[in-house]
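J.: Structure provided below as structure tokens; questions to follow.
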Amino acid sequence: MEVPVSSAEITTAIDTIWVLLTAFLVFFMQPGFAMLTAGLTRAKNVGNILMKNLMDFCMSSLGYWAVGFALMYGVGNFFLGGSFFFLRDIAEETSGVPTLAFWLFQLVFAGTAATIVAGAMAERTRFRAYLIYSLVLSAVIYPIVGHWVWGGGWLGELGFLDFAGSTVVHGVGGWAGLMGAVILGPRLGKYRDDGSPNAIPGHSLPLAMLGMFVLWFGWFGFNPGSTLSGMQAGLIAKVAVNTNLAAAAGAIVAMLVAWLRTGKPDVGLSMNGALAGLVAITAPCAFVSPLSSIIIGAVGGVVVVYGVSFLDRVRVDDPVGAVPVHAFSGLWGTLAVGLFHETSGLFYGGGWGQLGVQSLGVVAVFAWTALTAGTLFVIIKYAIGLRVSREEEKMGLDYGEHAVNSYPDFGVTSLG
Amino acid sequence: MEVPVSSAEITTAIDTIWVLLTAFLVFFMQPGFAMLTAGLTRAKNVGNILMKNLMDFCMSSLGYWAVGFALMYGVGNFFLGGSFFFLRDIAEETSGVPTLAFWLFQLVFAGTAATIVAGAMAERTRFRAYLIYSLVLSAVIYPIVGHWVWGGGWLGELGFLDFAGSTVVHGVGGWAGLMGAVILGPRLGKYRDDGSPNAIPGHSLPLAMLGMFVLWFGWFGFNPGSTLSGMQAGLIAKVAVNTNLAAAAGAIVAMLVAWLRTGKPDVGLSMNGALAGLVAITAPCAFVSPLSSIIIGAVGGVVVVYGVSFLDRVRVDDPVGAVPVHAFSGLWGTLAVGLFHETSGLFYGGGWGQLGVQSLGVVAVFAWTALTAGTLFVIIKYAIGLRVSREEEKMGLDYGEHAVNSYPDFGVTSLG
Amino acid sequence: MEVPVSSAEITTAIDTIWVLLTAFLVFFMQPGFAMLTAGLTRAKNVGNILMKNLMDFCMSSLGYWAVGFALMYGVGNFFLGGSFFFLRDIAEETSGVPTLAFWLFQLVFAGTAATIVAGAMAERTRFRAYLIYSLVLSAVIYPIVGHWVWGGGWLGELGFLDFAGSTVVHGVGGWAGLMGAVILGPRLGKYRDDGSPNAIPGHSLPLAMLGMFVLWFGWFGFNPGSTLSGMQAGLIAKVAVNTNLAAAAGAIVAMLVAWLRTGKPDVGLSMNGALAGLVAITAPCAFVSPLSSIIIGAVGGVVVVYGVSFLDRVRVDDPVGAVPVHAFSGLWGTLAVGLFHETSGLFYGGGWGQLGVQSLGVVAVFAWTALTAGTLFVIIKYAIGLRVSREEEKMGLDYGEHAVNSYPDFGVTSLG
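Protein chains in written order, with the numbering used here: chain D, 3 to 418; chain C, 3 to 418; chain Z, 3 to 418.
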């Protein structure tokens, strides 16, 4: 005596499973970022950077529950939303899945934006400053951009396309990181008196590589999950394939460019090339062909190598390359929608319209993030202090901020 | 010429995919525990602890195949089951999925219970003693508790609620670990003559943090997968969100409590706070609101900080905090069902009944586990020896038990 | 006003979700191999081995897009396929899922075959040689074997059964690794003048164990995903259970055999025992019972212990045991289909026919791989050089090939 199940129940189940499982994958990017950032920084700061990675996601979880989701998806105006604070009075379903499933998927995106900044500001930022910043970013700064593009706001209305967040997520995180790195200033010893950079190598290449691979894995949730539906078989397959091809192309091209420039295939730049490819394809993955994805990822690989050099030339110290990977390559990927979109892209006879809207979007998000994050960092700087003391920076933030030695059984040579 | 597919076939497929994919996530908690425990112990014992983590899951796999599943889900009485040994004569389906899928999901839970003990007994337990113990726990001690609650036994009949195993899994593992730690006694050098504890820091904070994040990730299988059905979209979304919020609240509150007590935001306690939040929400996740989940997780964060101090005061040496995280916070979470259950909870006008049954359940499971695991450890102690020799403990169990150096390329300072 | 969804749309969605999610799991085996291989080699070569693991997957991605898929699944003859180069003119669906989803699943298998070789040839292979080799293997050598068995070619036609690739994937990777290890010769210092082997321990047991667990996790995609359909609930449950039981049995038996031979339960051999169990069950997992799976995995555990000794006796230096795990145990697992297949197996009254076809298949794939990979390595050797210089090998490939120190904050003792 079987109870018949309606096709609506079935598609809701399929969509919910898909959204939740991909949300779990995006959550898993948190240890990806943690291992990548820890591996690319020094052993004396590793406990601090791990703790920041943990706590920014925790702060994001509560902040996005209380405020962030309301500003992003609440009923509001062109600029921000204004209902559903503390998940109150939410609809049972949103986009065809239970609203709580939708919320979790959106939360892990907010957490990603927050965590990107940790890398750019690593090895010198006060822990309590970081806690405040990450809460504000995930609860206010990011959700408002999200509202503009995905929550019914003005950029989405204009036709701005950012499928999974090259600009919404990676741009916001990357530009905020740039503002933070500029306001903090470089780490002690990063630049010589003549302005030339000292390499400060990360303490563990295996951790960094593990983090990179975990991020790539998580991106299979980030991009394909952004369909928000498991029923669109063709689309999610295309998004998954495009994501992978762009990452591969980004890594290969970054390796080749670095090889030509320095005579060696650089491991760190190759890893960042893969990530740059992933960031670049995040906006266009649903709208472009596999071949276009390879080109987009490859250009991302070029962008990251030159972006790292550029930051060094202007003496902005970004220890892990977060700004080139997320901000610069995210910018490129967002514009690439205007070039490679299979109907509205310039290269496909779609004219300049899409490219124009994409340009407007990246400028607007850059302006908003630079303004708000910059203001926030300056307020923190003068209110409680943004940067640790010189003594603490020399001894390491692990000791100064947390009274911990991350590797007590090893003779760590970077300890002050 | 399409062959029509019945809705029963479709829902079976959806449920099976869900159960298997979440089982895979729960399996992945094995390296989570391995990395967490390895990171929180010394470099001279790391190969041993990793080997224990590997082999307990292997022993569980065969033990749960031969005996455990039969005792837990076999046809039996109020106390234990008694059919399906060696997976013989099993039904084609159980709970709407192929019995083998159901079995795998149950196995990874048994493996989790077994592996929890490794942490509490780390750095001094003989390897062959550990092999025996983990087989008995996963094949007999745990399955009988499982039968009481989930397999048709007396606790379930009384209305005891433990959705995903705060008591069934984490309680059994945690209380067994407590018995083991008590019977073993503390590690050499852990307590001074005046009884005050010496901190023995773990050798790698990055490994520990990686393990914590992997466990959090795996918990998205542990709790949402315990619906055993992918068709209950609303429920699995709620469980996933509650799980995440409790973890975040546990970490934040543990950090704040430690900060107030010691002046520093402690990394290890924050990690354990997240895990305590996860353990606490495991029983109630399907029955409570997101706000309640935050409270339950937050209290878990308090429990773990004071639990660690308490164990040190009574000189029980639990190197990784497994007892506070799994036993104490699991106890709290199980009782919390009686407080926060949206219909039967005390705070929701449900009266004292649910809380009473929950209390009975935790007492019964504590008594059973303490009695059986305690007896087992004492038998092992006198039959083959539970603890390694003083010399071996000083030199490290890696050398003594496995003739291996886990880090031969580094000058490890903890080596004897 | 619900739009009715056809059952074909639903089953396509379920199958696509299943194929993609399991493909993501198989992708995740890449960091599994990376961590395993890095952990089992020396600190001075770890950046190089990680870079190889990254780049072989990137090269595979582009190579399998351009050529590999066409040779494997293109319309062709008994020997190879010949359409779909660069994913051009592909059908909308293949095996009931979007062709791009099918492609991604096949790509991650090709990437697995390619990455296996890195281990056998570790610590002495030139990076640029590796790049060329991994492209040719994933774009030509592997796809042609794949065509024979899975793409409509002659071995599949004869009834050769290899469900998820004990021979197609692990055999090709393992035999190619053997040819590479033979042609390269042993690492400096591996064999004494009297021919007895020097142990060269890997630099990090935790990394290796993490890699092993990640591989086991990924295998839940590798084998169950090879159904290519989420609708076959009973089959995927059986495959998942068999996979897990074989791994557990392999680890336990390898541990016991090593224990009997050396007096200690060896960590590295136990890990390789689990992997050998996984490789062995990969071919038969869909055709055999759980009990047979335990036997097949257990024999895999024996094979790997004796296989490691055998290679040392013939002075073939395989730093991580890739050949015993993938080639020898893959050979065993493929033959085991002929013994344990529930209808056509010798032990089930099916006669010698299946075993004969299985034997023919493993011989053919060995011959093809030995010939083509051997030729490739010899060409590379004389054209650009297969092995680094003695000086570079002593200093470490990290410095020589990439100008990097993977652990700059630690005093690494293996550095030249």
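Ideal Cβ positions, reconstructed from N, Cα and C, are used throughout, including at glycine.
Which residues in chain Z have a C-beta closer than 7 Å to the C-beta of R44/D? List them in chain order.
T.: The count along the first sequence starts at 1 and reaches residue 44/D at position 42. Within 7 Å Cβ-Cβ: D411.
J.: Can you find a CB in chain C that lies within less than 8 Å of the CB of V327/D?
T.: One-based indexing of the first sequence puts residue 327/D at position 325. So no, V327/D is outside the interface.
J.: Between which two residues does the alpha helix (DSSP H) carrying L2/C extend?
T.: Residue 2/C cannot be examined here, being either before or after the span of chain C that is shown, 3 to 418.
J.: Compare the Cα-Cα distances from A115/Z to each of V151/Z, L22/Z, I143/Z and report the closest residue.
T.: For the purposes of this step, residue 115/Z is identified with residue 113 of the third sequence, where counting begins at 1. Minimum Cα distance to A115/Z is reached at I143/Z.
J.: Give a yes or no on contact between the region 332 to 340 of chain Z and the region 269 to 283 of chain Z, applying the rule of three or more CB pairs nearer than 8 Å.
T.: Because the criterion of three Cβ pairs below 8 Å is met, the region 332 to 340 of chain Z and the region 269 to 283 of chain Z touch.
J.: To which residues does DSSP link F412/D through a beta bridge?
T.: In the first sequence, residue 412/D corresponds to position 410, counting from 1. BP columns for F412/D point to V414/C.
J.: How big is the Cα-Cα spacing for G351/C and T345/C?
T.: As a position in the second sequence, residue 351/C is number 349, starting the count at 1. As a position in the second sequence, residue 345/C is number 343, starting the count at 1. Cα to Cα, G351/C sits roughly 7 Å from T345/C.
J.: Considering N50/C, what are the terminal residues of the alpha helix (DSSP H) in which it resides?
T.: Mapped onto the second sequence, residue 50/C falls at position 48. 48 to 65 is the span of the alpha helix (DSSP H), which, as asked, contains N50/C.
J.: Which complete alpha helix (DSSP H) runs does the region 352 to 399 of chain C hold, if anything under 4 residues is left out?
T.: Taking only runs of at least 4 residues, the alpha helix (DSSP H) segments lying wholly in the region 352 to 399 of chain C are 355 to 385, 392 to 397.
J.: Which residues of chain Z have a Cβ atom closer than 8 Å to the Cβ of V390/C, listed in chain order?
T.: By 1-based counting over the second sequence, the position of residue 390/C is 388. Under the 8 Å cutoff, chain Z gives no residues; its nearest Cβ is about 13 Å from V390/C.
J.: Three-state secondary structure (DSSP) at A183/C?
T.: Numbered from 1 along the second sequence, position 181 holds the residue referred to as residue 183/C. Residue state, collapsed to three classes: helix.
J.: Given a cut-off of 8 Å on the beta-carbon distance, is the pair Q32/C and F59/C in contact?
T.: The count along the second sequence starts at 1 and reaches residue 32/C at position 30. The count along the second sequence starts at 1 and reaches residue 59/C at position 57. In this structure, F59/C lies closer than 8 Å to Q32/C by Cβ.
J.: Suppose you measure from the CA of F189/D to the CA of A324/C; what does that come to, to the nearest Å?
T.: In the first sequence, counting from the first residue as 1, residue 189/D sits at position 187. In the second sequence, counting from the first residue as 1, residue 324/C sits at position 322. What sits at residue 189/D in the sequence shown is Arg, not Phe. Between R189/D and A324/C, the C-alpha separation is close to 38 Å.
J.: Answer with buried or exposed for L262/D, where buried requires no fewer than 16 other C-beta atoms within 10 angstroms of its C-beta.
T.: Taking the first residue of the first sequence as position 1, residue 262/D is located at position 260. So L262/D counts as exposed.
J.: Between L209/Z and the rest of its own chain, which residues show a CB-CB distance below 6 Å, the 5 nearest in sequence each way excluded?
T.: Counting from 1 along the third sequence, the entry for residue 209/Z is found at position 207. The residues are M37, A40, G41.
J.: At the level of alpha carbons, what is the spacing between I386/D and W221/D?
T.: Your numbering for residue 386/D matches position 384 in the first sequence. Your numbering for residue 221/D matches position 219 in the first sequence. Approximately 36 Å, taken between the alpha carbons.
J.: Please report how far the alpha carbon of K46/Z lies from the alpha carbon of R194/Z, in whole angstroms.
T.: Numbered from 1 along the third sequence, position 44 holds the residue referred to as residue 46/Z. Numbered from 1 along the third sequence, position 192 holds the residue referred to as residue 194/Z. So the two alpha carbons sit approximately 22 Å from each other.
J.: Any idea what DSSP makes of E95/D, helix, strand or coil?
T.: The count along the first sequence starts at 1 and reaches residue 95/D at position 93. Three-state result, E95/D: strand.
J.: Under three-state DSSP, which class holds P188/Z?
T.: Stepping through the third sequence from its first residue, residue 188/Z is reached at position 186. Note: P188/Z maps to coil in three-state DSSP.
J.: Based on the DSSP output, what are the partners of Y193/C in its beta bridges?
T.: For the purposes of this step, residue 193/C is identified with residue 191 of the second sequence, where counting begins at 1. Paired residue(s): P199/C.
J.: Return the Cβ separation of V241/D and N274/D in integer angstroms, given the expectation that the two are a contact with Cβ distance under 8 Å.
T.: The residue you call residue 241/D lines up with position 239 of the first sequence. The residue you call residue 274/D lines up with position 272 of the first sequence. 22 Å between Cβ atoms; not a contact.
J.: Below 8 Å, can you find three or more Cβ-Cβ pairs linking the region 174 to 193 of chain D to the region 97 to 110 of chain D?
T.: No, because fewer than three Cβ pairs between the region 174 to 193 of chain D and the region 97 to 110 of chain D fall closer than 8 Å, the two stretches do not touch.
J.: Alpha carbon to alpha carbon, what distance is there between A10/C and M3/D?
T.: For the purposes of this step, residue 3/D is identified with residue 1 of the first sequence, where counting begins at 1. For the purposes of this step, residue 10/C is identified with residue 8 of the second sequence, where counting begins at 1. Summary for M3/D: the model assigns pLDDT 40, below 50, so the residue's position carries little reliability; its value from the coordinates is reported in the next sentence. So the two alpha carbons sit approximately 11 Å from each other.
J.: Return the residue from the list A166/D, G340/D, V390/D that minimises the CA-CA distance to W152/D.
T.: Sequence index remark: in the first sequence, residue 152/D carries index 150 (1-based). Considering only alpha carbons, the answer is A166/D.
J.: For M37/Z, decide whether its Cβ has a neighbour in chain D, counting only Cβ atoms nearer than 8 Å.
T.: What you label residue 37/Z is simply residue 35 of the third sequence in a count that begins at 1. M37/Z counts as touching chain D.
J.: Anything in chain Z within Cβ reach of G236/D, meaning under 7 Å, just list it in chain order.
T.: In the first sequence, counting from the first residue as 1, residue 236/D sits at position 234. Residues of chain Z passing the Cβ test: P100.
J.: Below 8 Å on the Cβ atoms is my contact criterion, and I expect L373/D with I382/D to pass it. Report the Cβ-Cβ distance as a whole number of Å.
T.: Stepping through the first sequence from its first residue, residue 373/D is reached at position 371. Stepping through the first sequence from its first residue, residue 382/D is reached at position 380. With 8 Å as the limit, L373/D and I382/D do not qualify as a contact, their Cβ atoms being about 15 Å apart.
J.: Quick check on P203/C - is its C-beta less than 8 Å from some C-beta in chain Z?
T.: Sequence index remark: in the second sequence, residue 203/C carries index 201 (1-based). No, its Cβ sits nowhere closer than 8 Å to a Cβ of chain Z.
J.: Is it the case that the Cβ atoms of L133/D and M74/D are separated by a distance below 8 Å?
T.: For the purposes of this step, residue 133/D is identified with residue 131 of the first sequence, where counting begins at 1. For the purposes of this step, residue 74/D is identified with residue 72 of the first sequence, where counting begins at 1. The answer is no: Cβ separation not under 8 Å.
J.: Does the beta carbon of A40/Z come closer than 8 Å to any beta carbon on chain D?
T.: Mapped onto the third sequence, residue 40/Z falls at position 38. True, the Cβ-Cβ gap to chain D drops below 8 Å.
J.: Taking only three categories from DSSP, how would you classify G299/D?
T.: For the purposes of this step, residue 299/D is identified with residue 297 of the first sequence, where counting begins at 1. In the structure shown, G299/D sits in a helix (DSSP, three-state: H, G or I).
J.: For F35/D and E403/D, which I take to be in contact (beta-carbon distance under 8 Å), what is that distance rounded to the nearest angstrom?
T.: As a working mapping, residue 35/D is identified with position 33 in the first sequence. As a working mapping, residue 403/D is identified with position 401 in the first sequence. That pair is no contact at about 19 Å.
J.: Would you list, in chain order, the members of the region 258 to 274 of chain C that have their beta-carbon closer than 9 Å to a beta-carbon of chain E?
T.: Reference to chain E is not applicable here, since the protein chains of this structure are D, C and Z.
J.: Just curious, the alpha helix (DSSP H) that T336/D is in, first and last residue?
T.: Taking the first residue of the first sequence as 1, we reach residue 336/D at position 334. Looking at the DSSP string, the run of the alpha helix (DSSP H) that includes T336/D is 331 to 342.
J.: For G270/D, write down the residues that DSSP places opposite it in a beta bridge.
T.: For the purposes of this step, residue 270/D is taken as residue 268 along the first sequence, with counting starting at 1. Note: G270/D sits in no beta bridge, so no partner.
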